[in-house]
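Colleague: Quick one: structure below, then a few questions.
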Amino acid sequence: MPRFGPGVGVLAVFGLALGLALGLALSLPGAALAGPPSSTASGQATAEDDDQTRKRTKKSAKRAKKSAKRAKKSAKKARKRSKKTTIPVDVAVGPAFHWITGPIQDDQAPHYGLKLSVKAIIDQATIKANRGRIPKKYRGLASKVQEARISPSIFIPDTLFISPKTENVGLYGINFRPFAFNLPLLRKPRLAVGVGLDLSYIYIDGEDAGLGTTHFLRPGLDLAADFEIPLSKSFLVSVGWQSIFYPPQELGGEVFALGELDDSIWHIGQAYLLLHFRFPYSVAL
35 MPRFGPGVGV LAVFGLALGL ALGLALSLPG AALAGPPSST ASGQATAEDD
85 DQTRKRTKKS AKRAKKSAKR AKKSAKKARK RSKKTTIPVD VAVGPAFHWI
135 TGPIQDDQAP HYGLKLSVKA IIDQATIKAN RGRIPKKYRG LASKVQEARI
185 SPSIFIPDTL FISPKTENVG LYGINFRPFA FNLPLLRKPR LAVGVGLDLS
235 YIYIDGEDAG LGTTHFLRPG LDLAADFEIP LSKSFLVSVG WQSIFYPPQE
285 LGGEVFALGE LDDSIWHIGQ AYLLLHFRFP YSVAL
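Residue numbers for the sequence shown follow the numbering used here, beginning at 35 and rising by one.
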């Protein structure tokens, strides 16, 4: 039997170990020799990155577009708020004389007061100057309006009753006319008739006339006629009559009780003279 030297044994052991290592490595699942990535995998990764980039770009563009629209709307609203329109305003004041049907009129007539009026005048000149701000579907209707008079507040009083005793009855109070409709029959000079809703409170001291003390509080309905003469563009004079009809309240009686006509306040007639002062007023619409 042939005999081998020690070197041959070492080589044999080394070769056996190398063979076992290679066999084990190749037998592991998914084992493969390291190498450069395939061109297919690299292309797929690049395409996915490009798609995500495009999506992010589209989202950013949409957000920017929405922001631009909001900014444009805000700027438009700001321009509208900052644009002012000049409207003629008519302020009038003058004496008023009252005839209160019933026992008060029998004792003292007339009773005195102040007539007040504050109106914005919307005429054709104002409408034409602001035509672009009127919705298209209403422009035809607006062109037919010769003049409209609008009170800026329902809390501006129509009349102040200020009538101290000259005989046996004194009274003080206030009347509001929050809603009214007037129909012009003539333009220049202006003659108009109208109807309105009223709310009146009058404190009546009738002790000396045997009528007691009355807190008159009633809603009313009025019929009115007004004749207005323009002396200039900024100064006018008007005279008129107004009859206010109320649910009857008995003199000296309670507010919520209805009285007999002969002993109650149910009608006040008012004659007045007004001095009108008209001036331009700028307002943001």
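Don't be surprised by glycine CBs; every beta carbon is placed ideally from N, CA and C.
What's the call for residue 62, buried or exposed, on a 16-neighbour Cβ count within 10 Å?
Modeller: For the purposes of this step, residue 62 is taken as the residue at position 28 of the sequence shown. Only weak support is given to the placement of residue 62: the predicted model assigns it a pLDDT of 49, under 50, and the question is left unresolved by the model.
Colleague: Does DSSP put residue 64 in a helix, a strand or coil?
Modeller: Start at 1 with the first residue of the sequence shown, and residue 64 comes out as number 30. Low confidence applies here, because residue 64 scores a pLDDT of 46, under 50, leaving its location unreliable; read the following figure in that light. Of the three classes helix, strand and coil, the one that applies to residue 64 here is coil, per DSSP.
Colleague: Name the residue from 317, 137, 98 whose alpha carbon lies nearest to the alpha carbon of residue 294.
Modeller: Along the sequence shown, one-based indexing puts residue 294 at 260. With distances taken between Cα atoms, residue 294 lies closest to 137.
Colleague: Using only the alpha-carbon positions, how far apart do residue 129 and residue 290 sit?
Modeller: The count along the sequence shown starts at 1 and reaches residue 129 at position 95. The count along the sequence shown starts at 1 and reaches residue 290 at position 256. Approximately 31 Å between the Cα atoms of the pair.
Colleague: Could you tell me whether the region 276-287 touches the region 232-244, using the rule of 3 or more Cβ pairs below 8 Å?
Modeller: yes
Colleague: Please report the straight-line C-alpha distance between residue 232 and residue 248, rounded to a whole angstrom.
Modeller: Residue mapping note: residue 232 aligns to position 198 of the sequence shown, counting from 1. Residue mapping note: residue 248 aligns to position 214 of the sequence shown, counting from 1. The alpha-carbon atoms of residue 232 and residue 248 are separated by roughly 19 Å.
Colleague: Ignore the nearest five residues each way along the sequence and tell me which others in residue 213's own chain have a CB closer than 7 Å to its CB.
Modeller: The residue labelled residue 213 in the question sits at position 179 within the sequence shown. Taken in chain order, the residues that qualify are 230, 231.
Colleague: Residue ranges of each beta strand (DSSP E) run of no fewer than 3 residues wholly in the region 248-273, ordered along the chain?
Modeller: none
Colleague: How many Å lie between residue 257 and residue 202 at the Cα?
Modeller: Here residue 257 is taken as the residue at index 223 of the sequence shown, counted from 1. Here residue 202 is taken as the residue at index 168 of the sequence shown, counted from 1. If I take the Cα positions, the gap works out to 29 Å.
Colleague: Per DSSP, which residues does residue 322 bridge with? Please list them.
Modeller: Here the chain covers residues 35 to 319 and nothing more, so residue 322 does not appear.
Colleague: In its own chain, which residues sit with a C-beta less than 7 Å from the C-beta of residue 182, not counting the 5 before and 5 after it?
Modeller: Numbered from its first residue, the sequence shown carries residue 182 at position 148. 156.
Colleague: Could you tell me the distance, in whole angstroms, from the CA atom of residue 307 to the CA atom of residue 298?
Modeller: In the sequence shown, the residue the question calls residue 307 occupies position 273. In the sequence shown, the residue the question calls residue 298 occupies position 264. For residue 307 and residue 298, the distance between alpha carbons rounds to 28 Å.
Colleague: When we look at the beta-carbon of residue 161 and count the other beta-carbons within 10 Å, is it buried (16 or more) or exposed?
Modeller: Position 127 of the sequence shown, counted from the first residue, corresponds to residue 161. Per the 10 Å Cβ criterion, buried.
Colleague: Should residue 304 go down as buried or exposed, given a rule of 16 or more other Cβ atoms within 10 Å for buried?
Modeller: Indexing the sequence shown from 1 puts residue 304 at position 270. That one is buried.
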